[in-house]
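In this text, residue positions in the sequence shown follow the working numbering: the first is 375, and each later residue adds one. Where is the CB? At the ideal position from N, CA and C, for every residue including glycine. Predicted model, so just to flag it, every value in this text is computed and none were measured.
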Amino acid sequence: MKLQEIIGDSAKTDQVMNVLLGIEAEYRQSRSAAQRQGIEKAKENGVRFGRPKNPIPKGFNKVYDLYSKRMLSSTLAARALGVSVSTFFRLVRQYRNELENIEQ
Numbered sequence: 375m376k377l378q379e380i381i382g383d384s385a386k387t388d389q390v391m392n393v394l395l396g397i398e399a400e401y402r403q404s405r406s407a408a409q410r411q412g413i414e415k416a417k418e419n420g421v422r423f424g425r426p427k428n429p430i431p432k433g434f435n436k437v438y439d440l441y442s443k444r445m446l447s448s449t450l451a452a453r454a455l456g457v458s459v460s461t462f463f464r465l466v467r468q469y470r471n472e473l474e475n476i477e478q
C-alpha cells in the first residue's frame with residue numbers, strides 16, 4: 375500500500391514525508407558526528423589510517439652509494455633491490471629528503 379492510501383490526504387502525506395526526511399537527516403548528522411569523534415579518538419590513541427608504507431629494502435644504502443657514484447645504473451640498482459625503477463627513484467627521493475632533514 376502507498377502512504378497516501380493509508381493517510382488519505384495528500385497534504386498530510388507531504389507532512390509525514392517531511393517529518394520522516396527530517397528524522398533521517400538528523401540520524402545522518404548524528405552518525406557522522408559519532409564517526410568523526412571515533413576517528414579523532416583513534417588518532418589520539420595512535421591508530422594510523424591508510425595503506426601501510428613498505429619498508430626500505432635491505433641493502434638499499436650500499437646500492438644507493440654505488441648508484442650515486444655512477445657505478446650502477448638505475449635499472450640495475452632497481453633489479454638488485456627487487457623493485458621497479460619508479461619505486462627505486464621514489465626511494466632515492468625519500469632517502470635524499472631524509473638526509474636533508476638530518477643535516478638541518
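message: If you reduce the DSSP assignment to three classes, tell me which class Gln409 lands in.
response: helix
field: Secondary structure of Gln468, DSSP reduced to three states
entry: helix
task: Let me know if Tyr401 comes out buried or exposed under the rule of 16 or more other beta-carbons within 10 Å of its beta-carbon.
output: exposed
- request: Look at the alpha carbon of Ile397 and the alpha carbon of Ala416, and state the distance between them as a whole number of angstroms.
  value: Cα to Cα, the separation comes out at about 28 Å.
message: Comparing C-alpha positions only, which one of Ser458, Ala454, Gln403 sits nearest to Lys432?
response: Ala454
message: Using a 10 Å radius around the Cβ and a threshold of 16 neighbouring Cβ atoms, would you call Ala407 buried or exposed?
response: exposed
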